[in-house]
Every structure is written in C-alpha cells, then in structure tokens.
Amino acid sequence: MSPVYLWVLITLPGVLGAGLCLAGRVADRVAGPVGVTAAAAVTALAIGVALGRPAVAVPFVAGADFGLQVDALAAVVLPTVAVVALLVLIFAAAERGGDVPRAPSRFFGLMLLFLAAVLITVAAGTLPALVLGWEVMGATSYALIGFRWQDVDRVAGGATALLTTRAADLGLYLAAGAALAGGSALELTGLPGLPAPWRDVAAAGVLVAALGKAAQLPFSFWLSRAMLGPSPVSALLHSAAMVAMGGYLLLRVAPLLAATGWAATVAAWAGALTALVLGAVAVAQQDLKQLLAASTAAQLGFVVLAAGVSAPGGGTAQLVAHAATKALLFLVAGAWLTALGTKQLAGLRGAARRWPVVGVCATVGLLALAGAPPLSLWATKDEILAAVRDISPALAVVTLAAAAVSAAYAGKVLVLLWIRPSAEVVREVEDLFDTEEPGTRRVPRTAQTVLIPLAVGAATLGVLALPPLAAELAAAVGAAGEPESTPVELIGSGVLALLVLAAVARWGTPAPGWAVNWLYLDRMVTRLVVDPILWLAAALARFDDAVVDRGVTGAADGAVWVAGQAERIESTRIDATVRGVAAAVRRLARQARRPQTGQLYQYYLQVILLLLGAAVLLILVT
Amino acid sequence: MTLQLVLVVAAALFSVGVYGALSQQVVVMVMMGLELMLNGVILAAVACYWFLTPTPTAQVVLLVVIAAMTVEMAMGFAVATLLHRSRNSDMTDMATDLRG
Amino acid sequence: MVDPAVPLTAVLVAAGLVVLTTVTAVVDAGLRDPAMRDRATGRSWVSRRAGAVLVPVVGTVRLLRQHRRTTVAADSLLWRVGVVGLPVVALLMAALVPVGPGTVADSSVGIVWFNALDVTVWALVWMAGWGPNSVFGLVGGYRFLAQGLAYELPLMFALTAPAVAAGSLRLADVVAAQDGLWFVVWMPVAFVVFCLAVAGFAVWGPLSHPAGVDIAGGVFAELSGVDRLLMLAGRYALLTAGAAIGVTLFMGGGSGPVLPQWLWLAVKTGLLSAALIGLGRRLPTLRADRFAEIGWLILLPATLLQVLVVAVVAARQGGG
Amino acid sequence: MSIGIAGTVVFWVLAVIAVLAGAAVFWVDSMARATYALAVSFVAVGIQVLLLGLSYIGVITVLMMIMEMAIMAVYMIMFMGMNPALMPMSMVHGKRTAVATATGLFLALTAGILLAPWPARSGDPVPDPTAALGEVLMGSKMLVMIVVSAVLLATVIAALVLALPRGRYDRFGDDLRRRPPTDPQPGGVGR
C-alpha cells in the first residue's frame with residue numbers, strides 16, 4: 002500500500018473543502034455533488050488504507066515529525082468515520098428544507114474540511130499531527146454549529162462548544178510540553194515510556210483534552226448547546242467524529258493511562274459516572290436532539306470507561322456501533338425536524354407511523370441504544386461490563402445501572418414514536434408542528450434510503466464484540482486476553498434491558514429538574530469559571546486605567562513640562578544667538594554685495610587685482 | 371633673443387588685451403580684448419616650450435589654450451546674440467543683471 | 239619656410255602651372271563674357287576662331303586699360319587686400335604641391351597648411367565684398383561665409399582621410415602612400431567633398447551663390463579694371479591650385495609611367511581642372527541656405543563615415 | 310638648436326607686427342579693420358610659433374584665428390550696424406583706469422619676467438613635434454583630450470541653446486508632430 006494514498010486521503014477532502022469554502026456562492030450548485038463524491042472517494046481510500054496499513058512521516062517541527070499511521074485501531078475507525086460522513090453528506094445533499102440549502106457551498110466545504118481534520122486525528126501517529134487535526138476539528142466544528150450565523154444563539158452555542166473544548170484542549174499542549182520535557186520524540190506510542198513526573202503530566206493533559214472533547218463530566222454541557230447546529234452536523238459531529246474522537250484518543254493512549262496507575266481509574270470513573278448521570282439527564286429531556294445529545298455523552302462514557310479499564314477491544318466496538326446508531330438517530334431527528342418543523346418529543350408523538358421506513362430505522366436505532374438483544378450496543382456494552390467486573394464491583398454496579406438507564410431513555414422515545422394518538426392528541430401534536438422552523442412535510446427518498454445502511458450497522462455491528470471477532474479485535478488493538486462476557490451475562494443484560502423497556506412503556510419516566518437542566522452544569526460553569534474571569538478582567542481593566550494609564554499620562558505631562566522649559570531656553574538664549582549670527586551674516590552679505598556691480602569690466606579689474614595680490618603673496622611666501 | 375624678451379612681448383600683448391577688455395563697452399570688442407590676452411598666453415607658452423622645456427606636454431598646454439579660446443568665442447557669441455535679441459543692445463553696461 | 243635646396247625649376251614649374259591654367263581659364267571666361275562674345279561670332283569660321291584666340295588678349299588689355307570704379311566711403315585697404323589676396327593664396331597653395339624635382343614649400347604639416355590657406359580665402363572674399371561699401375558686395379561676402387561654414391567641416395574631415403591613410407600630414411608622403419592604389423578609389427566620398435570644397439572656395443559652379451547673378455555678381459559687383467582681372471584670375475587660380483592639391487591627395491600626384499613626374503602632374507591637374515570647370519558650368523547654383531543644410535546633414539556624416547572606414551583600414555594595415 | 314639670424318630678424322619683425330596690430334584693434338575706427346587687425350596679430354604670433362619649431366600648433370593657430378575673425382567680423386557688423394570707416398568709434402568706459410591698469414600690469418609682468426630666476430633649458434626638442442604631440446595625446450595626456458572634447462560638446466549645445474531663437478516646439482508644433490517643420494528659411498534636404 003503506497004503511502005501516497007494516505008496523503009491523498011487527508012488532502013483530498015481538505016483541498017476540496019477549502020476550495021468550496023473559498024468559492025462561496027459560486028460553487029453552490031456543485032457543492033453537493035462535489036461533497037458526496039469526495040466523501041465517496043475518501044471512503045474508498047479509507048477502506049484501502051485500512052487494509053494496507055501504511056505509515057508516513059515528514060519533518061514538521063524541530064524534533065518531531067508530522068507522522069501518520071494506520072494501526073489496527075485506526076483501521077477500524079477510519080472506515081467508520083468515512084462511511085458515516087458519506088451517508089451524512091448524501092442525506093444533507095438530499096435535504097430540501099432546513100439549514101443546508103441556505104449555503105450548500107459553505108456547508109459541504111466546512112464538512113469536508115472537518116472530515117479531513119478528523120481523518121488526520123484518527124491517523125495521527127505523533128502529537129503535532131494530533132494537535133493539528135484536533136485544532137482544525139475544533140475550529141470547523143465552531144463554524145458548523147454556528148452555521149446559521151444570523152441567529153445569535155446558534156453562534157453562541159458554537160462559541161460555547163469551542164471555548165469549552167478549547168479550554169480542555171490546553172491539556173493536549175500540556176501533554177506535548179511534558180513529552181518534550183521528558184525527552185520524547187512526541188510519538189503517541191512513546192508516551193507511556195516517559196519518566197515519572199512527565200508521564201503523569203502528559204496523562205493528565207491527554208485525559209482532560211479527551212474528556213472535554215468527549216463531553217464527559219464535567220464538560221458535558223457544551224453538547225447541549227451544540228444541538229443548535231444543523232442535524233447533519235450533529236449526526237456527524239456527535240456520532241462518529243468529534244465527540245467520538247475524545248473516546249478514540251483515550252483508547253489510543255490507554256497504555257499511558259494504565260502506566261500512571263491513577264489516570265486509568267479516573268478515566269474509568271469519569272466514564273461510568275457520565276454514562277449514568279447523563280443517561281439520567283437524557284431520560285428527562287423533552288427535546289429529541291437534546292435527548293440524543295445526552296445519550297451521546299452517556300454512551301461515550303462507556304468508551305471512556307473501556308479505556309480506563311484497559312478494554313480497548315470493547316471500547317472500539319462500542320465506538321463503532323454507537324457511531325452507526327447515533328448517526329442514524331440524529332439523521333432521523335433531522336429528517337423529522339425538516340419535515341415537521343419540530344423536535345419536541347411531544348410534537349413527534351406517532352411520528353414513526355407517518356414514514357414507515359424512517360420509523361422502522363428509528364426503532365432499530367433506539368432498540369440498539371437501549372441495549373436490546375441481539376442489537377449491537379447490547380453486545381459491546383456487555384464486553385465492557387465484562388472487563389469492569391474483574392476490576393471493581395462498585396464500578397460494575399454503576400455501569401450496569403447506566404446500561405439500564407440507557408434502556409429507559411430509549412424506551413421513552415420508542416413509546417412516544419409508536420403511540421397511536423387520539424384525535425385530541427393529534428390536534429395537540431399538530432399545534433407543535435412548525436414551531437421551530439417551517440416544515441416541508443416530506444422526507445426525500447434519498448434521505449430515507451441513507452437511513453437503511455445505518456440501521457443495518459446499528460443492528461449488526463455488535464458482532465465486533467461477540468466471539469469470534471471480539472478476541473481478534475482485542476488482539477489487534479493490543480489487548481489480547483481481554484475478558485469476554487459470558488453467555489449468562491449476555492442474557493442477563495439483555496433481559497434487564499427488555500425489562501426496563503417494558504417498565505418504561507408501562508409507567509413512563511420521571512423528569513427531575515436537575516436532569517432536565519443538564520445538572521445545572523452550564524450555570525455552574527458560568528458561576529465558577531466565567532464570572533470570576535470576567536471579574537478579573539474588569540479588575541485588570543481598572544488597574545490599567547488607574548495605574549498604567551495614569552503613569553503614561555503622567556509621563557506625557559512631564560514631557561510637556563520639560564518641553565516647555567526647553568522652549569523657554571530656546572526662545573531666550575538660542576534664539577537670540579541665532580538672530581545675532583543671522584544679523585552678522587546679513588551685514589557681511591551686504592558688504593559682499595558691494596563689489597558685485599554688474600559691470601563686467603569692474604569684475605575683470607577685481608580679478609586682475611586679486612591675481613596680482615595672489616602673485617605677490619606667493620612671491621613673499623616663497 | 372632670450373626667453374625674457376619674448377615673454378616681455380607676450381606681456382605687451384596681454385596688457386593690450388587687458389586694456390581692451392577693461393575699456394570696451396561692446397561685448398564683441400571685449401571678447402577681442404580677451405582673445406588678445408590669450409594670444410599673449412600662446413606666445414608665452416611657446417616661449418617656455420622653446421626656451422625651457424621642449425616636451426610634447428607644452429604642446430598639450432597650447433592645445434588646451436586654443437580650446438579655451440574656442441569655448442570663449444562660442445559662448446561669447448551665443449551670449450551676445452541672446453543679449454542683442456532680448457535687449458537690442460550689445461553693451462556690457464546694460465547687462466548688469468548680476469548686480470548684487 | 240621656403241627650402242633653399244629646392245631647385246628653381248620646381249618654383250618655375252609650379253608657378254608656370256598656375257599661370258598657364260589660369261590663362262586658359264581666363265580665355266574660357268572671356269569667350270563667355272557677353273561683352274566679348276560679339277567679337278567671337280564672326281561670320282566665317284576663320285574669323286570666329288581668330289576672334290576666339292584673340293578674346294583673352296583683348297579682354298585682358300581691356301581690363302588693364304579700364305579705370306577703376308570708385309564707390310562712396312569704400313574701405314580701400316581691406317578691398318585691395320581681398321582682391322590681391324586670392325591669387326597670392328592660390329600661388330601659396332601651389333607651392334605646397336610636390337612637383338617632380340621637389341616641393342617649393344615642403345612642410346611637415348602641408349595638409350594643415352592647405353586648410354589654413356583655404357580658410358584665408360574666407361577672409362579675403364569677405365573683404366572683397368565689404369570693401370566697396372556696396373550692398374550686393376556685402377551680401378555676397380555674407381553668403382560666402384555661410385557657405386564656408388557649411389563646406390569647411392566636411393572638407394577638414396575629407397582632408398583627414400588621406401592623412402590617416404598615409405600616416406602623415408606631409409603631402410609628399412601622401413603621394414608616396416598612393417603607390418599602387420589611388421586614394422580616390424577607396425575614398426570617393428572624401429574626394430567628392432574635396433572637389434565641392436574647391437568649387438566652394440573658388441566661388442565656382444554650384445557654389446557660386448556669393449557671386450550670383452541675382453545680386454549682380456555679388457562680390458564681383460563693384461570690381462573693375464585691374465582689380466577685376468586679379469580677382470577673376472585668382473578665382474581660376476584657386477580652382478587650378480585646388481585641383482593640383484586634389485590630384486596630390488587623391489590621384490597619385492605625379493606618379494605615372496613613361497612621362498616625367500611634373501608632366502603627369504600637369505596632365506592630371508589639367509584634366510581635373512577641366513572637369514571642375516566643365517561640371518561647374520553645367521550644374522545649377524545652389525542657394526547658400528540650402529547648401530548649409532546639405533553640408534551639415536549629409537556631407538558631414540558622410541565624411542565622418544569615410545574617415546571611420548579609412549581609419550579602420552589603416553589600423554588593420556598596421557597604422558599606415 | 311637655434312633659428313638662425315634670419316629667423317631672429319623675422320621673429321622680431323613679427324613681434325612688432327603682433328603688438329602693433331593688437332594695439333590697432335582698439336585704435337582703428339572700423340569694426341572690420343579692428344577685427345582683421347586682431348587676425349593679423351594672431352597670424353604673426355602663429356608664425357612665431359612656427360618659427361619656434363611647433364609647426365602644427367602654429368598652423369592651427371593661424372587657421373583657427375582667421376576663421377574666427379572672419380566670423381567675428383560678421384557679428385561686429387551685425388550688432389553694431391556701422392558703416393565702415395565713416396563713424397569715428399569710441400565706445401569705451403573708464404579709459405583712464407584701463408590704461409593705468411594695463412600699464413601697471415605690463416610693468417609688473419615685465420618686472421616679474423626680468424627679475425625671476427629662470428631655469429636653464431632641459432633637453433632638446435624632438436625631431437617631429439607633431440608626431441610627438443599625437444603620441445602624447447593618445448597616451449599619457451589622453452585625459453586632457455577627453456575632458457576638452459566633453460567641454461567642447463557642452464559648449465556646442467549650450468551655445469545653440471542660448472543663441473537659437475526658435476526651439477523644436479516652434480518648428481514641429483506643440484505635439485512635435487508637424488511635418489515638415491515650419492522654418493522661416495527652408496533648408497536644402499527635401500524641403
């Protein structure tokens with residue numbers, strides 16, 4: 002496999018995306034086809050490199066290469082990202098309402114740029130490459146979330162996402178600095194070998210960055226705000242790409258976490274708690290996309306947990322299966338939003354009956370999310386559970402509870418979607434239509450078609466976590482001998498999921514205020530971080546006005562005073578001297594004018610006399 | 371025939387030229403005075419060549435003197451023509467623009 | 239200046255040459271003088287020939303007997319100098335020519351001397367025009383100066399060409415340098431310009447504007463008696479002397495087979511004079527203002543190119 | 310090397326002629342005569358130069374000065390517009406001062422000439438001074454000729470600029486496109 006394909010893989014979407022962005026309105030007509038074609042090419046290339054596993058490196062910064070490599074983990078994730086991106090772009094190109102048709106060129110350009118950044122991140126073999134992909138990913142995600150920049154709150158949502166993840170990203174720089182200080186060549190595989198203090202610093206930095214990106218506690222709130230972006234954006238960013246990259250990074254550096262001793266535990270607990278708490282948040286949501294967002298954070302909690310308990314096989318399987326599932330669900334939400342103009346659960350009551358294909362696909366996705374056997378997330382979650390079980394019973398309990406909670410929120414949506422509404426309810430539902438945007442009342446055939454492969458993925462990708470593939474995957478990603486779930490466990494968890502589903506269908510779900518409002522995380526951050534910083538800035542501004550500015554003004558006043566003194570001296574003494582000299586020169590000049598009579602012969606006479614005088618002088622001297 | 375005697379002749383020519391340059395009012399006549407002075411210079415230079423240093427360098431000096439005469443004549447005629455055209459006069463007394 | 243060693247024969251040959259050709263030319267002029275023409279148009283062939291032969295004698299005698307015309311407030315001194323000066327200058331030119339046995343005035347800077355003499359003609363012709371205090375005469379004198387300015391610079395460069403080729407300013411050296419190939423062959427431009435200049439200082443042919451009929455003969459207007467005779471003679475003498483110099487510079491001087499050197503010189507000079515006289519009679523007179531532009535814009539660059547060619551050739555031959 | 314008795318006699322006769330003709334320049338009443346008196350003075354000095362062995366320089370002096378005086382005569386007549394020999398001409402100023410200065414200068418120069426300790430002659434003239442001059446001009450003294458040529462070119466241009474009453478804009482029009490140019494006196498080449 003030639004490394005050239007790897008370069009093409011990342012430069013093709015990057016160059017095309019930048020080109021579309023720069024072309025602007027001119028390229029609107031071709032943007033969709035170009036985007037889809039590029040994504041298709043990327044998919045083909047991704048599959049190619051996944052099979053060929055090339056690695057390249059070029060000198061980038063002093064002491065570190067820009068390295069890309071496709072190891073087993075990347076070989077699994079790269080095609081996943083590419084396929085999801087392709088399907089999402091096809092869906093977006095097929096949409097006739099919503100946000101995308103407003104500026105297709107910008108949308109597809111940014112999406113392609115984002116895709117290129119994700120591909121770099123996935124394939125990154127060194128920290129500089131990782132940072133590069135990471136940063137471009139963050140920047141493009143901001144632009145994509147704030148795609149409808151005319152709405153201030155959407156742009157603000159993008160800013161929140163960007164600022165939060167950026168703040169967490171600093172950890173990556175910290176890690177890079179620690180790696181440099183520790184004498185490493187900034188290769189990801191070299192991080193576990195760092196000397197003690199630097200290794201801990203690097204692990205902490207990577208952990209913070211990954212948790213931030215993956216919307217784990219305490220950073221989860223930004224994901225809520227990010228739901229203001231277009232649905233295809235959510236489908237890509239919050240399923241296979243950006244958020245997933247946080248989990249992916251932790252899977253990548255799982256050896257580093259394990260090497261420190263404490264970081265793995267922190268990651269495991271953070272993941273488990275997120276899975277539980279955000280699951281509860283999801284249960285309380287009344288907005289489909291908000292629910293899906295919370296569920297994304299929760300599901301990625303399992304991935305983070307897997308990284309923390311050194312079960313990269315299960316984590317990878319969870320990542321891939323969740324990507325398919327969540328992309329499917331976000332696209333479904335987007336399709337309904339475009340068609341019906343609402344994403345309120347109340348407004349979507351009975352929506353599954355309107356378009357059967359969409360409804361069935363949504364059901365498959367939701368069942369998978371719930372962990373119902375034999376769908377994908379049931380198997381992957383169990384594999385992680387098997388790993389947790391050996392490490393800490395407490396953690397196992399929390400994890401199990403989180404799995405049950407996920408069945409609860411999935412069941413809540415499922416019930417609402419398939420409900421056969423009464424006439425009164427139908428009126429209620431129709432009142433909610435078009436409250437968020439004017440709906441088109443139709444889902445394009447292409448968009449419906451796209452959902453099918455995703456649904457198939459959501460249903461079947463569980464094989465990655467089942468024998469015989471599970472052991473092979475675990476061995477490939479470097480965790481041979483990872484514990485596998487026993488049939489009993491599998492059956493047990495499946496039964497648990499089905500029981501919870503049944504309970505939800507029967508009794509409904511609670512909606513506590515703390516969960517509806519995402520644990521008040523947003524407010525807490527405002528109080529604890531934003532307000533103090535603003536106060537500090539105001540204080541600094543006052544300091545600037547009161548001290549620095551006054552100093553400058555004082556210096557200027559002093560200079561003016563000195564200048565005044567100098568001016569007095571100049572006008573009295575120097576001026577007088579100059580005048581005196583000028584007067585003397587004038588007198589001399591007046592004298593000098595006297596010989597200038599204008600009469601030629603007098604000039605001659607003067608010359609003769611002068612020359613005679615000179616001759617006499619010469620004779621006298623010699 | 372000695373150097374001194376030839377130089378005295380040259381001095382005589384020069385002095386006559388000086389008289390002309392000082393006394394004449396007409397531009398062209400003034401130029402004649404200047405020419406006469408240079409005539410004396412030529413004679414003196416040749417005398418020095420013959421009696422003191424019979425080298426080709428002396429001839430170069432003479433060539434330079436002749437060139438100087440040429441320049442003087444050309445510029446003198448040009449200025450005189452200009453003066454005559456603009457003032458309808460060829461008297462140096464009327465061209466006193468350089469009065470200080 | 240006159241080298242005592244030069245045989246008397248040389249002086250005689252040179253002077254004789256000039257006088258002979260001058261007389262011939264005067265005969266020619268006499269034949270065309272309207273006053274004389276009647277005498278040459280006898281009815282019979284014999285009387286016509288006899289009249290023709292007698293014309294110069296009669297004409298000369300007539301001019302010698304004629305009283306001088308006087309004009310008001312004439313500047314006689316300058317007038318006389320101008321009139322007498324022309325034949326004298328012609329004789330001095332002839333003295334420069336290397337005739338068979340030797341040269342009357344053999345100067346190491348003969349070519350420059352010739353040039354100085356031809357410039358002297360400027361002063362003389364102008365004086366002859368100025369002297370009688372006559373408008374036509376003065377106009378003729380001015381015309382001559384204007385014309386002189388136009389032909390003099392080309393002439394100087396035309397003279398430079400043979401000097402460069404011969405590597406010497408001595409006329410005898412120039413003659414010697416033409417052993418084998420006459421300079422006229424590869425310096426045609428210089429030769430033509432030279433001949434034009436000869437016509438110019440002889441107030442002849444196309445350059446006879448200073449003596450034009452439109453101003454009643456110009457510098458000749460007020461001349462009478464012996465003055466007129468001298469001036470006319472001087473004019474033809476200049477033409478002849480110029481031809482002699484031209485032969486020396488461009489046509490190999492006295493070199494030639496069988497015949498003695500002085501005879502070859504005489505033959506060539508006679509031929510060139512005849513050509514000059516004949517051509518001059520057949521060409522129209524050029525106005526001085528027209529000729530000024532021709533001289534500056536055509537002749538001067540042409541002679542400069544000629545000198546360049548000659549200089550390159552001379553340099554390639556090893557500096558002459 | 311000497312010029313012989315005859316040469317000496319000729320030299321002094323020429324010296325007298327030169328000085329007298331020079332004086333005549335400011336003595337005679339006629340412009341033309343004054344001009345040619347100066348020419349005579351120059352020719353006399355030129356022949357003196359010739360006698361002292363510098364044939365080329367001497368001839369050149371004669372050539373140049375006759376030419377110059379012929380032109381100068383034209384200017385004299387042109388500017389003064391005077392009838393020859395008719396009008397007593399005395400256009401002088403400060404004659405007394407001039408005479409005094411000239412006399413004083415002559416006396417001072419003579420005194421200097423007679424009192425100065427002149428060195429002895431060094432070396433003999435070369436047989437062919439003209440060729441020697443050429444060698445020197447093309448060799449060690451070439452810079453002199455280069456400078457002189459530049460000065461002469463500048464003089465030509467400056468003199469034309471000063472003296473010409475009409476410039477190219479007068480001839481070719483304001484846009485320099487008029488063909489043929491308007492001249493008060495048409496020339497000889499094609500016009």
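These protein sequence lines map, in sequence, to chains A, B, C and D. Going by the working numbering, the first sequence wraps up at 623, each residue one higher than the last. Going by the working numbering, the second sequence wraps up at 470, each residue one higher than the last. Going by the working numbering, the third sequence wraps up at 558, each residue one higher than the last. Going by the working numbering, the fourth sequence wraps up at 500, each residue one higher than the last. Cβ coordinates follow ideal geometry from the N, Cα and C atoms, glycine included.
TODO: Specify the secondary structure class of A391 of chain B as computed by DSSP and reduced to three states.
DONE: Along the second sequence, read from residue 1 onward, the residue named residue 391 of chain B stands at position 21. If DSSP states are grouped into helix, strand and coil, A391 of chain B belongs with the helices.
Open item on the list: Quick check: the region 422–437 of chain A against the region 82–89 of chain A, are at least 3 beta-carbon pairs closer than 8 angstroms?
Closed with: No, because fewer than three Cβ pairs between the region 82–89 of chain A and the region 422–437 of chain A fall closer than 8 angstroms, the two stretches do not touch.
Open item on the list: Tell me which residue opens and which closes the alpha helix (DSSP H) that V460 of chain D is part of.
Closed with: Locating residue 460 of chain D in the fourth sequence gives position 151, counting from the first residue. Start and end: 451–472.
Open item on the list: Going by C-alpha to C-alpha distance, which of A:E384, A:L415, A:G552, A:V359 sits closest to G316 of chain A?
Closed with: Taking the first residue of the first sequence as position 1, residue 316 of chain A is located at position 315. Considering only alpha carbons, the answer is A:E384.
Task: Span separating the alpha-carbon of R26 of chain A from that of E437 of chain A - done: Working through the first sequence from its first residue, we reach residue 26 of chain A at position 25. Working through the first sequence from its first residue, we reach residue 437 of chain A at position 436. About 26 angstroms.
Open item on the list: Please report the straight-line C-alpha distance between K214 of chain A and G15 of chain A, rounded to a whole angstrom.
Closed with: Position 213 of the first sequence holds residue 214 of chain A. Position 14 of the first sequence holds residue 15 of chain A. Approximately 21 angstroms, taken between the alpha carbons.
Task: L13 of chain A to A118 of chain A span [Cα, whole Å] - done: As a working mapping, residue 13 of chain A is identified with position 12 in the first sequence. As a working mapping, residue 118 of chain A is identified with position 117 in the first sequence. For the pair L13 of chain A and A118 of chain A, the Cα-to-Cα distance works out to about 11 angstroms.
Open item on the list: Quick check: the Cα distance between L491 of chain A and L452 of chain A, rounded to an integer number of angstroms?
Closed with: In the first sequence, counting from the first residue as 1, residue 491 of chain A sits at position 490. In the first sequence, counting from the first residue as 1, residue 452 of chain A sits at position 451. CA-CA distance, L491 of chain A to L452 of chain A, rounds to 28 angstroms.
- [ ] Whole angstroms is fine: what's the gap from K506 of chain C's alpha carbon to T478 of chain C's?
- [x] For the purposes of this step, residue 506 of chain C is taken as residue 268 along the third sequence, with counting starting at 1. For the purposes of this step, residue 478 of chain C is taken as residue 240 along the third sequence, with counting starting at 1. Rounded to the nearest angstrom, the two C-alpha atoms are 11 angstroms apart.
- [ ] For R430 of chain D, decide whether its Cβ has a neighbour in chain B, counting only Cβ atoms nearer than 8 angstroms.
- [x] In the fourth sequence, the residue the question calls residue 430 of chain D occupies position 121. Taking CB atoms only, R430 of chain D has a neighbour in chain B less than 8 angstroms away.
Open item on the list: For a cutoff of 8 angstroms on Cβ pairs, would you count L589 of chain A as touching chain B?
Closed with: For this step, residue 589 of chain A is matched to residue 588 along the first sequence. No, its Cβ sits nowhere closer than 8 angstroms to a Cβ of chain B.
TODO: Output yes or no for whether 8 angstroms exceeds the beta carbon distance between L445 of chain C and F352 of chain C.
DONE: If you number the third sequence from 1, residue 445 of chain C lands on position 207. If you number the third sequence from 1, residue 352 of chain C lands on position 114. No, the pair does not count as a contact, with Cβ atoms beyond the cut-off.
- [ ] Under 6 angstroms Cβ to Cβ from G280 of chain A, same chain only, skipping five residues before and after it: list those, please.
- [x] Residue mapping note: residue 280 of chain A aligns to position 279 of the first sequence, counting from 1. Correct list, in chain order: A299, A403, V406, S407.
Task: Three or more C-beta pairs below 8 angstroms linking the region 431–444 of chain C and the region 382–398 of chain C - done: In this structure the region 431–444 of chain C lies against the region 382–398 of chain C, because at least three pairs of beta carbons, one per stretch, are closer than 8 angstroms.
Open item on the list: In whole angstroms, give me the CA-to-CA distance for A409 of chain A and A503 of chain A.
Closed with: Taking the first sequence and counting its residues from 1, the one referred to as residue 409 of chain A is at position 408. Taking the first sequence and counting its residues from 1, the one referred to as residue 503 of chain A is at position 502. Going from the Cα of A409 of chain A to the Cα of A503 of chain A covers about 9 angstroms.
TODO: Could you say which of C:V436, C:M489, C:Q555, C:L537 lies nearest to R514 of chain C if we only look at CA atoms?
DONE: For the purposes of this step, residue 514 of chain C is taken as residue 276 along the third sequence, with counting starting at 1. Note on identity: in this sequence residue 514 of chain C is Leu, with Arg being the wrong assignment. Considering only C:V436, C:M489, C:Q555, C:L537, the residue with the shortest C-alpha distance to L514 of chain C is C:V436.
TODO: For the beta strand (DSSP E) containing A56 of chain A, list its first residue and its last residue.
DONE: Within the first sequence, residue 56 of chain A is the residue found at index 55, counting from 1. Counting along the chain, the beta strand (DSSP E) containing A56 of chain A begins and ends at 56–62.
TODO: Identify each residue in the region 402–417 of chain D for which the Cβ-Cβ distance to at least one residue of chain A is less than 8 angstroms, and report them in chain order.
DONE: Within the region 402–417 of chain D, contact with chain A at the beta-carbon level (separation under 8 angstroms) is assigned to H402, G403, T406, A407, T410, L414, A417.
- [ ] Report the residues of the region 575–609 of chain A with a CB closer than 7 angstroms to any CB of chain D, ordered along the chain.
- [x] Here the close residues are Y602, L606, I609.
TODO: Report the residues of the region 328–345 of chain D with a CB closer than 8 angstroms to any CB of chain C, ordered along the chain.
DONE: The residues in question are S339, A341, R342, Y345.
TODO: Can you grab the Cα-Cα spacing for the pair A341 of chain D / F335 of chain D, in whole Å?
DONE: Looking up residue 341 of chain D in the fourth sequence gives position 32. Looking up residue 335 of chain D in the fourth sequence gives position 26. Rounded to whole angstroms, A341 of chain D and F335 of chain D show a C-alpha spacing of 12 angstroms.
Open item on the list: Going by beta-carbon coordinates alone, are L163 of chain A and G139 of chain A separated by less than 8 angstroms?
Closed with: Residue numbering aside, residue 163 of chain A sits at position 162 when the first sequence is read from its first letter. Residue numbering aside, residue 139 of chain A sits at position 138 when the first sequence is read from its first letter. Cβ distance < 8 angstroms, so L163 of chain A and G139 of chain A count as in contact.
- [ ] Output yes or no for whether 8 angstroms exceeds the beta carbon distance between G272 of chain A and G302 of chain A.
- [x] Counting from 1 along the first sequence, the entry for residue 272 of chain A is found at position 271. Counting from 1 along the first sequence, the entry for residue 302 of chain A is found at position 301. It is a contact, given that the beta carbons lie within the stated cut-off.
Task: Nonlocal neighbours in the same chain, by C-beta distance under 7 angstroms from L406 of chain B, ignoring five residues either side - done: Start at 1 with the first residue of the second sequence, and residue 406 of chain B comes out as number 36. Closer than 7 angstroms at Cβ, skipping near neighbours: L383, V386, G387, G390.
Task: Members of the region 355–374 of chain D near chain C, C-beta cut-off 7 angstroms - done: Considering only beta carbons, the part of the region 355–374 of chain D lying closer than 7 angstroms to chain C consists of S364, Y365, V368, I369, V371, L372, in chain order.
Task: Any non-hydrogen atom of the ligand COA within 7 angstroms of S311 of chain A CB - done: This structure lacks the ligand COA, and indeed carries no ligand of any kind.
Open item on the list: Can you find the residues in the same chain that come closer than 6 angstroms, C-beta to C-beta, to F458 of chain C, ignoring five residues on each side of it along the sequence?
Closed with: Working through the third sequence from its first residue, we reach residue 458 of chain C at position 220. Excluding sequence neighbours, F458 of chain C sits near A449.
Task: Nearest candidate by alpha-carbon position, reference V548 of chain C, set C:A343, C:A388, C:M425, C:T341 - done: Residue 548 of chain C sits at position 310 when you count from the first residue of the third sequence. Closest option to V548 of chain C, Cα to Cα, is C:M425.
Task: Three-way DSSP call (helix, strand, coil) for L419 of chain C in this model - done: Position 181 of the third sequence, counted from the first residue, corresponds to residue 419 of chain C. In the structure shown, the three-state DSSP call for L419 of chain C is coil.
Task: Cβ-based burial, L221 of chain A [other Cβ within 10 Å; buried from 16] - done: Your numbering for residue 221 of chain A matches position 220 in the first sequence. The question names Leu, yet the displayed sequence has Ser at residue 221 of chain A. The residue in question, S221 of chain A, is buried, as its Cβ has 16 or more Cβ neighbours within 10 Å.
Task: Length of the line joining the Cα atoms of A403 of chain C and V347 of chain C - done: Here residue 403 of chain C is taken as the residue at index 165 of the third sequence, counted from 1. Here residue 347 of chain C is taken as the residue at index 109 of the third sequence, counted from 1. Rounded to the nearest angstrom, the two C-alpha atoms are 15 angstroms apart.
Task: Contacts around D356 of chain C, its chain only, beta-carbon distance under 6 angstroms, and the 5 residues preceding and following it disregarded - done: By 1-based counting over the third sequence, the position of residue 356 of chain C is 118. Answer for D356 of chain C: F439, listed in chain order.
Open item on the list: For a cutoff of 8 angstroms on Cβ pairs, would you count D368 of chain B as touching chain D?
Closed with: Only positions 371 to 470 of chain B appear in this structure, which leaves residue 368 of chain B out of reach.
- [ ] Taking only beta-carbon positions, decide if F351 of chain D is within less than 8 angstroms of chain B.
- [x] Residue numbering aside, residue 351 of chain D sits at position 42 when the fourth sequence is read from its first letter. Closer than 8 angstroms: yes.
- [ ] Using a Cβ cut-off of 8 angstroms, pull out every chain C residue sitting near A379 of chain D, in sequence order please.
- [x] Against the fourth sequence, residue 379 of chain D aligns to sequence position 70. The answer, in chain order, is V357, W360, A361, W364, L383, G386.
Task: Stretch-stretch touch, CB-based, cutoff 8 angstroms, three pairs: the region 364–376 of chain C with the region 312–331 of chain C - done: With the cut-off at 8 angstroms, the region 364–376 of chain C and the region 312–331 of chain C touch.
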